[in-house]
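Asks:
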Amino acid sequence: MMRSIAVVGASLAGLNAALTLRNAGFTGRLVVFGDEPHMPYDRPPLSKEIARGEWGPDKIVLRREPVLDDVEWRLGVAATGLDAASRTLHFADGAEESFDGIVIATGATPRRLVGTEQAGVHVLRSLDDALALKRDLARPGARLAVVGGGFVGQEVAASARSLGIPVTMIEAVAPAAHVLGNEVGDLIADMHRRNGVDVRLAVAAEAFEGDGRLASVHLSDGSRVAADVAVLGIGVTPNTGWLEGSGLALDNGILCDETCLAAPGIVAAGDVARWPNHRFGELRRVEHWDNAVRQGAHAARRLLAASAEDVGPYTPIPWFWSDQYGLKIQVVGSTFGHDEVRIVESDTTSGRLLALYRRQDRLVAALGIANVGKVVRYRRLLDTDPLWKDSVASLEHNDAA
Amino acid sequence: MKFNVDWDLCDGNGVCVIEAPDLLDIDDDSNLVILAETFGADKLAQAEGAVRVCPKHALTIDRSAG
Chain S
482 MMRSIAVVGA SLAGLNAALT LRNAGFTGRL VVFGDEPHMP YDRPPLSKEI ARGEWGPDKI
542 VLRREPVLDD VEWRLGVAAT GLDAASRTLH FADGAEESFD GIVIATGATP RRLVGTEQAG
602 VHVLRSLDDA LALKRDLARP GARLAVVGGG FVGQEVAASA RSLGIPVTMI EAVAPAAHVL
662 GNEVGDLIAD MHRRNGVDVR LAVAAEAFEG DGRLASVHLS DGSRVAADVA VLGIGVTPNT
722 GWLEGSGLAL DNGILCDETC LAAPGIVAAG DVARWPNHRF GELRRVEHWD NAVRQGAHAA
782 RRLLAASAED VGPYTPIPWF WSDQYGLKIQ VVGSTFGHDE VRIVESDTTS GRLLALYRRQ
842 DRLVAALGIA NVGKVVRYRR LLDTDPLWKD SVASLEHNDA A
Chain G
180 MKFNVDWDLC DGNGVCVIEA PDLLDIDDDS NLVILAETFG ADKLAQAEGA VRVCPKHALT
240 IDRSAG
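The listed protein sequences correspond, in order, to chains S and G.
Read in the numbering used here, the first sequence has 508 at position 27, and its numbers run on one by one without any break.
Read in the numbering used here, the second sequence has 229 at position 50, and its numbers run on one by one without any break.
Have a look at this one:
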């Protein structure tokens, strides 16, 4: 019987875990701990409306559900340690406390490069990061270098272009190529070029030069990019440092079982959780908004369940979206380790794109740009674990109709 | 009960359509379509799922209606 539950991490996964605990009838003591001083807020607008200066921070505070009225919020204090056997948490202010159940949703931290600790060089994860970036983008004559072609970098590039700021994107292969494939990556690079981004591929940022403030970025091909603002979008590291010695298994995240259970009475969710998704036969973390919502809820139900069978394995079909230049990019399914990408539609005038991903004999993912209707159709098809040949056939049928 | 849609916020992500296939659909121009003006308690779980996954927080449920 659970009488007290701690949720460590006050962002989307933690919030959805807390909501689910209350909605499932947990009436005991519920404490949410967060290292940031803010109440839970939504991160997708950070690279867009917040960075562009269109919205203030009040606009992204997540809806306050009445069911969470009876929750203790302990914000601005980081968890620094855990003893998994006794479920005792330690905090930066010296406090320690034990709970019957713990949800860990501590997220991830953006990677930095050495030599980037200077004014003008940003990462983007938190509200405070976004406000600092907004201030720098508002400097007269700002010039932006985006280091890394992942989706955070892409969205910042698009936001800066809409403000009329010159942007250079620096990427080793092609944007998001390691997950979406080179062909799609090249099409995404073209989308940025059409919108005025100077896209430099097959190069790396080697040095960030400036006297107190960034002035230029030195690239591996010997060239220099003039920039007084840079954003590093080179991936994240799961926040597990505080769990060293806790007794939990850590390996690029908290290793969980198929139900999101990390240890007796301890579950994990969101960017920090690595679990086997049997639907796709892969052990991984998923850093998407949609996953934070769903995994937070699943982990909460697992914590309350008497047995694994009561709640079952967590086998989501990942869903990801990004808004850039007025176009919606969406990926449903898992492109991880794909064997083939088939570009089914590509219209450079409208930007519309549809790409399908095969792994072995199965359809595993679909990517759409400005193509929501088809993404929804393929999302439904993915529910059936479809054979590749049938997926392609159904597509030809649809196009003929 | 019925959905209240904040049409200024909705930008047709379509995530809700998967959660509530009896209540919502998306047309070829990525516009959300309300299939059922009102719905009963048997569809509440679908409706709540749709509210939860909307990335724009554009959906709420009006429990007094219908």
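A virtual CB, placed ideally from N, CA and C, is assigned to each residue, including glycine.
#1: Please confirm whether residue 618 of chain S and residue 646 of chain S have their CB atoms less than 8 Å apart.
#2: Taking the Cβ atom as the reference point for each residue, do residue 561 of chain S and residue 490 of chain S lie within a distance shorter than 8 Å?
#3: With a cut-off of 8 Å on the beta carbons, I'd call residue 724 of chain S and residue 755 of chain S a contact; round off their distance for me.
#4: Let's test the definition: count the other Cβ atoms within 10 Å of the Cβ of residue 732 of chain S and tell me whether it reaches 16, buried, or not, exposed.
#5: Would DSSP call residue 624 of chain S helix, strand or coil?
#6: Can you grab the Cα-Cα spacing for the pair residue 500 of chain S / residue 778 of chain S, in whole Å?
#7: With a threshold of 16 other CB atoms inside 10 Å of the CB of residue 213 of chain G, please say whether the residue is buried or exposed.
#8: So with CB distances below 8 Å, who are the chain S contacts of residue 206 of chain G?
#9: Quick one: grab the DSSP three-state call for residue 790 of chain S.
#10: Just how far apart, CA to CA, sit residue 874 of chain S and residue 682 of chain S?
#11: Just to confirm the assignment: which complete alpha helix (DSSP H) runs, minimum length 4, are found wholly within the stretch 654–678 of chain S?
#12: Taking a Cβ distance cut-off of 9 Å, strictly less, list which residues of the stretch 777–793 of chain S are near chain G, in chain order.
#13: Under 8 Å by Cβ, that's how I've got residue 556 of chain S and residue 519 of chain S pegged, so tell me the actual separation to the nearest angstrom.
#14: Classify residue 882 of chain S: buried if its beta carbon has 16 or more other beta carbons within 10 angstroms, exposed otherwise.
#15: Quick check: the Cα distance between residue 880 of chain S and residue 216 of chain G, rounded to an integer number of angstroms?
#16: How would you label residue 858 of chain S, buried or exposed, when you count the other beta carbons within 10 angstroms and need 16 or more for buried?
#17: Below 8 Å between beta carbons: does that hold for residue 759 of chain S and residue 739 of chain S?
#18: Within 10 angstroms of its Cβ, does residue 822 of chain S collect 16 or more other Cβ (buried), or is it exposed?
#19: Please report how far the alpha carbon of residue 605 of chain S lies from the alpha carbon of residue 194 of chain G, in whole angstroms.
#20: Do you know offhand how far residue 790 of chain S's Cα is from residue 189 of chain G's?
#21: Exposed or buried, what is residue 828 of chain S when buried is set at 16 or more other beta-carbons lying within 10 Å of its beta-carbon?
#22: Judging by CA-CA distance, which residue of S:708, S:721, S:533 is the nearest neighbour of residue 622 of chain S?
#23: Residue 236 of chain G: which of S:522, S:637, S:836, S:786 sits nearest, CA to CA?
#24: Quick check: is the beta carbon of residue 771 of chain S nearer than 8 Å to any beta carbon in chain G?
#25: Give the C-beta separation of residue 837 of chain S and residue 844 of chain S to the nearest angstrom, bearing in mind that I take them to be a contact with Cβ-Cβ under 8 Å.
#26: Let me confirm a value: residue 631 of chain S is counted as buried when at least 16 other C-beta atoms fall within 10 Å, else exposed. Which label applies?
#27: For residue 849 of chain S, I'd like the list of residues in its chain whose CB is within less than 7 Å of its CB, leaving aside the five on either flank, ordered along the chain.
#28: Taking just the CA atoms, how far does residue 495 of chain S sit from residue 584 of chain S?
#29: Pull the bridge partners of residue 757 of chain S from the DSSP assignment, please.
#30: Anything in the stretch 596–625 of chain S with a Cβ closer than 7 Å to a Cβ of chain G? List those residues in chain order, please.
Replies: Let me spell this out:
#1: The residue given as residue 618 of chain S occupies position 137 in the first sequence. The residue given as residue 646 of chain S occupies position 165 in the first sequence. Cβ atoms of residue 618 of chain S and residue 646 of chain S: closer than 8 Å.
#2: Taking the first sequence and counting its residues from 1, the one referred to as residue 561 of chain S is at position 80. Taking the first sequence and counting its residues from 1, the one referred to as residue 490 of chain S is at position 9. Contact: no.
#3: Position 243 of the first sequence, counting from 1, holds the residue named residue 724 of chain S. Position 274 of the first sequence, counting from 1, holds the residue named residue 755 of chain S. In fact, because the Cβ distance is near 12 Å, the residues do not count as touching under 8 Å.
#4: Residue 732 of chain S sits at position 251 when you count from the first residue of the first sequence. Exposed, since its Cβ has fewer than 16 Cβ neighbours within 10 Å.
#5: Start at 1 with the first residue of the first sequence, and residue 624 of chain S comes out as number 143. In the structure shown, residue 624 of chain S sits in coil (DSSP, three-state: anything other than H, G, I, E or B).
#6: Numbered from its first residue, the first sequence carries residue 500 of chain S at position 19. Numbered from its first residue, the first sequence carries residue 778 of chain S at position 297. Looking at the two C-alpha atoms, the distance is approximately 8 Å.
#7: Here residue 213 of chain G is taken as the residue at index 34 of the second sequence, counted from 1. So residue 213 of chain G ends up on the exposed side.
#8: Here residue 206 of chain G is taken as the residue at index 27 of the second sequence, counted from 1. Here the neighbours are 854.
#9: Against the first sequence, residue 790 of chain S aligns to sequence position 309. Annotated three-state conformation of residue 790 of chain S is helix, per DSSP.
#10: In the first sequence, counting from the first residue as 1, residue 874 of chain S sits at position 393. In the first sequence, counting from the first residue as 1, residue 682 of chain S sits at position 201. Between residue 874 of chain S and residue 682 of chain S, the C-alpha separation is close to 35 Å.
#11: 658–661, 663–675
#12: 778
#13: For the purposes of this step, residue 556 of chain S is identified with residue 75 of the first sequence, where counting begins at 1. For the purposes of this step, residue 519 of chain S is identified with residue 38 of the first sequence, where counting begins at 1. Indeed, because the Cβ distance is near 7 Å, the residues count as touching under 8 Å.
#14: Working through the first sequence from its first residue, we reach residue 882 of chain S at position 401. Caution is warranted here: a pLDDT of 35 is assigned to residue 882 of chain S, below 50, making its placement in the model unreliable, and the coordinate value is therefore given only provisionally. So residue 882 of chain S counts as exposed.
#15: The residue labelled residue 880 of chain S in the question sits at position 399 within the first sequence. The residue labelled residue 216 of chain G in the question sits at position 37 within the second sequence. Residue placement at residue 880 of chain S is flagged as unreliable, the pLDDT there being 49, under the threshold of 50; a coordinate-derived value is accordingly withheld.
#16: Sequence index remark: in the first sequence, residue 858 of chain S carries index 377 (1-based). Taking a 10 Å sphere around the C-beta of residue 858 of chain S, we find 16 or more other C-beta atoms and assign the residue as buried.
#17: For the purposes of this step, residue 759 of chain S is taken as the residue at position 278 of the first sequence. For the purposes of this step, residue 739 of chain S is taken as the residue at position 258 of the first sequence. Yes, Cβ-Cβ distance for residue 759 of chain S and residue 739 of chain S is below 8 Å.
#18: Along the first sequence, read from residue 1 onward, the residue named residue 822 of chain S stands at position 341. Buried, since its Cβ has 16 or more Cβ neighbours within 10 Å.
#19: Along the first sequence, read from residue 1 onward, the residue named residue 605 of chain S stands at position 124. Along the second sequence, read from residue 1 onward, the residue named residue 194 of chain G stands at position 15. In a straight line, the C-alpha of residue 605 of chain S is about 25 Å away from that of residue 194 of chain G.
#20: Here residue 790 of chain S refers to the residue found at position 309 when the first sequence is read from its first residue. Here residue 189 of chain G refers to the residue found at position 10 when the second sequence is read from its first residue. Distance between the alpha carbons of residue 790 of chain S and residue 189 of chain G is about 37 Å.
#21: Start at 1 with the first residue of the first sequence, and residue 828 of chain S comes out as number 347. Result: exposed.
#22: What you label residue 622 of chain S is simply residue 141 of the first sequence in a count that begins at 1. Looking at the Cα atoms, S:708 is the closest of the given residues.
#23: As a first step, residue 236 of chain G must be located in the second sequence, where it is residue number 57. Closest option to residue 236 of chain G, Cα to Cα, is S:522.
#24: As a working note, residue 771 of chain S is residue 290 in the first sequence. Answer yes: the Cβ-Cβ gap between residue 771 of chain S and chain G drops below 8 Å somewhere.
#25: Stepping through the first sequence from its first residue, residue 837 of chain S is reached at position 356. Stepping through the first sequence from its first residue, residue 844 of chain S is reached at position 363. Indeed they touch by this definition, with Cβ atoms about 6 Å apart.
#26: In the first sequence, residue 631 of chain S corresponds to position 150, counting from 1. Answer is buried; the Cβ neighbour count reaches 16.
#27: As a first step, residue 849 of chain S is located in the first sequence; it is residue number 368 there, counting from the start. Excluding positions up to five away in sequence, the list reads 811, 834, 835, 855, 856.
#28: As a working mapping, residue 584 of chain S is identified with position 103 in the first sequence. As a working mapping, residue 495 of chain S is identified with position 14 in the first sequence. The alpha-carbon atoms of residue 584 of chain S and residue 495 of chain S are separated by roughly 7 Å.
#29: For the purposes of this step, residue 757 of chain S is taken as the residue at position 276 of the first sequence. According to DSSP, which records beta bridges pairwise, residue 757 of chain S is partnered with S:764.
#30: none
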